[in-house]
Structure formats: C-alpha cells, structure tokens
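What follows is a short report on a single structure.
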Amino acid sequence: MKETDPFKYNEIGSEKRSDTLPEDSHTLDAIAFYAAHPGSALPRPGEWPVHQTWNGLVESYTERYLSEPTDRIKAIAGLAKNFSVMYELRYGSKYAAGLWCQDLPGALLWRNTTRQKLPRPDKWQGPSWSWVAINDQVEGNFARESPCAEVEHVHCELVSPQAPFGELREGGALLRIRGCAIDLDWRYTRPKKPKQKFGTDGSDIRYLNSGHTYVDAEVLHFLDAREPATDWAQITLLLIDPGWLSNAEGIMLKKARGGKQSRLGYFELRYNGDTKGFDSPLPSPRSWEKEVFEII
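If you read the sequence shown in my numbering, its first letter stands for residue 67, the second for the next number, and so on.
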C-alpha cells in the first residue's frame, strides 16, 4: 500500500500540501503516523512544532483529574512512546520523568500558576524537577533558545525496564546541573485569602544587600505546591534563561537530604526596557556565581 503523506490535508474536498509545518493536532497526527511507520522517508515535523505540541499536551493532561494522582506519569506514557520516535530517533534524546533531555534545561521552566495550590502529595510521584511530582496544572514554554545553565547528568531508574515511559523507583532520579545562582532568604505564611497576589504565593523573599540591610528581592515567583508555613530559611535561585533584553527565568531550590537540592518553584525577574535592567535590587543575574547542584 502506498504511504499517505501525513502533511497533507483536505481543504474544500481537495487534497493540498501545507505550505508550512503543521501545528497542534496536525503535528500530533503526524507524530502518531511516524510512531506507526518509523522507517518512513516522508518529511517529518520540525523541532519547534514537536516541542510546542508536547508542551500543549502536558498542559492539557495536568488539567485533568485522576482518581489516582500517582498515575500522572502513566497517563501520558502512551503519548510519550509516540513522541520517542521523534525525540530519540531523530534527536537522540531520552525521556526523563515527563521531560525530554533534548529540551533541557529549558524544560525545567514549567510553573504552577494555580491560585489555590494543592499540597505536595504524601506519596512520591517523581523527582521534584519534573511536573509529575505535583498534582496541579502546569504551564510554561518548555524550550528556550539560549539557556545559560548546563545539565551535566540525568538519571532515572525505572520500576520496570519493560515500561520505559512509566513509573520511576522512589528516590531513583537525579538531575545534575551547573549554572549561575544566588542564595536568598524565603518565608512562607499560608495566605488567609485563597487568591493571594499574583506571583507571590504567600511568600516573602528577601536579599541582604551590600549595606548589610535586608530588602525585598522583588522576585515574581510561583511555588510548585502549597508548602507548610515556615520561618525564614535559605533558598537558592538558579538561573536558566538569562533574559537577553527580556525577562530572566529560573527555578527555586531548597536544601534536601545528603547535600542535594529539591525544587521549590519557578521565578522570574522582570526586564525594564527603560532602564535596560531588571526591576529587582538583586545583582545582575549574569554576575551570580556558578555552582553545581544535584536535584532530586
């Protein structure tokens, strides 16, 4: 049987070649085609449409209610298998707990903007650096043009080698990353009102400036989950996207066992076009010290 070009579509009863690469559902159809016909010589979707389609699927899937929240990584396993034809065969990229290594470190910039966040699950669902670790909807541009951090190693230990897109062994995942970082103080007081100020999550973040005075760090941030109330504690901002004439973005880390780190949330420094700088008293992100972190 002659192969049908997945990039053709019907328009007013006629078949016509699209002038541009398909997007959204059409890209998903094309990916499904190549999953069934991995050896096909027909043209394949470009890298950007693949990134965007996966991103959209994650946003859609995390919006859904699951009777068993721990099934979150299993719920998207079938689609991940289809996408592996593009990511693994074309880009040589491996799957890592709901993310693709090809998209790292930019894929770490997912965020939970839900106002009434759920607490972290009692049962481990995945590493803190992945959206599978929480039960709220996430959003974010999972790919960046010029990230400044470097992922040195990703390790994911599967419960079953026969299910390469399935569950991970508890504690069996680690991401080692090198990047510019700064230590700050963070305090969380569970807000009385369910809808607190956008981008604060009931948190306070302060910075000890050169004058040895604590000032508000003025960092837009989104916690990954509703945390227990806490007094001042040290956290680390790890820069992922330096913000070339745009907002700088990264992830918030807190100390975990064994000298490792756990992801706390996402942060953003707003770029000011008038001053050509950021609306924050923090030093320029490009001047932050480079460090290596192991995130679990």
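We put the CB at the ideal spot given by N, CA and C, even for glycine.
- In the displayed model, V285 falls within coil according to three-state DSSP, outside both helix and strand.
- Between G192 and I139, the CB-CB gap stays under 8 Å.
- Secondary structure of H278 (DSSP, three-state): coil.
- Assigned with DSSP and collapsed to three states, T179 falls in coil, not helix or strand.
- If you check the CB distance, L289 and G331 come in under 8 Å.
- Note that the C-beta distance between Y273 and L250 is below 8 Å.
- If you look at T128, you'll find it isn't in any beta strand (DSSP E); it sits in the alpha helix (DSSP H) that goes 113–129.
- Put simply, the backbone Cα of K356 is about 22 Å away from that of E284.
- Rounded to the nearest angstrom, the Cβ distance from S196 to L224 is 14 Å, too far for a contact under 8 Å.
- Counted as a single uninterrupted DSSP element, the alpha helix (DSSP H) harbouring I139 occupies residues 138–141.
- If you draw a straight line from the Cα of R323 to the Cα of K189, it is about 17 Å long.
- Residue pairing by DSSP places Y337 opposite F344 in a beta bridge.
- Of all C-beta pairs linking the stretch 114–128 to the stretch 213–223, fewer than three are shorter than 8 Å, placing the two stretches out of contact.
- In this structure, DSSP gives E355 an extended state, which the three-state scheme calls strand.
- DSSP places E134 in the coil class of the three-state scheme, outside both helix and strand.
- Of the other Cβ atoms in all chains shown, fewer than 16 fall within 10 Å of the Cβ of N275; this residue is therefore exposed.
- With respect to the 8 Å criterion, G268 and T255 are classified as neighbours on the basis of their beta carbons.
- In terms of CA proximity to R242, K326 leads the group K326, A141, K147, S312.
- In this structure, DSSP gives G164 a state outside helix and strand, which the three-state scheme calls coil.
- The three-state reading of DSSP puts T255 in coil, since its state is none of H, G, I, E or B.
- One thing to note: R336 has its Cβ no nearer than 8 Å to the Cβ of P308.
- When the alpha-carbon of H287 is set against those of Q118, E218, S346, the nearest one is in S346.
- The beta-bridge partner set that DSSP reports for I301 consists of L250, K320.
- A straight-line Cα-Cα distance of about 11 Å links V151 and K160.
- Your pair K183 and A291 checks out as a contact, with CB atoms roughly 6 Å apart and the cut at 8 Å.
- With respect to the C-alpha of T341, the residue from E293, L311, C167 having the closest C-alpha is L311.
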